[in-house]
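Chemist: In terms of the working numbering, the sequence shown has 145 at position 103, counting the first letter as 1, and numbering is strictly consecutive. Think of the CB as a built atom: it goes at the ideal place given N, C-alpha and C, for glycine as much as any other residue. Quick one: structure below, then a few questions.
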Amino acid sequence: MKINIESVHFTADQKLISYVNEKVEKLLTYFDQINGAEVILKLDKASDSENKVTEIKLLVKGHDMFAKRSAKSFEESCEEVCDALKTQIIKHKEKTQAKHTAVE
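Okay, structure coming up:
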């Protein structure tokens with residue numbers, strides 16, 4: 043799976059990039075037909091402390107999945123986004139399996 047990581051309004055260090063890669067690759071354990079991922083890490087100019095935003099778009103054949111979360115740290119927002127995508131993946135997988143079993 044190809045993972046594109048883009049950081050907006052800051053420069054991401056290698057530790058953060060490795061962490062994000064690890065979290066996104068872990069999503070493959072739930073659904074192996076993920077073709078790629080586009081990750082955007084943004085530092086919002088908001089005055090509140092939850093200004094670290096993570097957006098992830100998973101590229102799946104016929105159905106792209108997207109989640110966006112903000113938190114006090116990028117690690118926390120990445121964790122929340124991956125949990126949201128995990129839920130979407132499981133629902134998508136159940137739907138596709140239900141369609142295939144209904145046809146048979």
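#1: Just list the residues that DSSP pairs Ala79 with in beta bridges.
#2: So, does the segment 76 to 86 touch the segment 96 to 111, judging by three or more C-beta pairs under 8 Å?
#3: Ser89: buried (16+ other C-beta within 10 angstroms of its C-beta) or exposed?
#4: For Ala113, list the residues DSSP reports as bridge partners.
#5: Using the C-alpha atoms, what's the distance from His105 back to Asp86?
#6: Where do the N-terminal and C-terminal ends of the alpha helix (DSSP H) with Leu58 fall, by residue?
#7: Straight-line CA distance for Lys103 to Asn46?
Modeler: Straight from the coordinates:
#1: Ile45 and Leu100
#2: At 8 Å Cβ cutoff, the stretches touch.
#3: exposed
#4: Lys94
#5: Their backbone Cα atoms lie some 28 Å apart in a straight line.
#6: Gln56 to Lys68
#7: 17 Å
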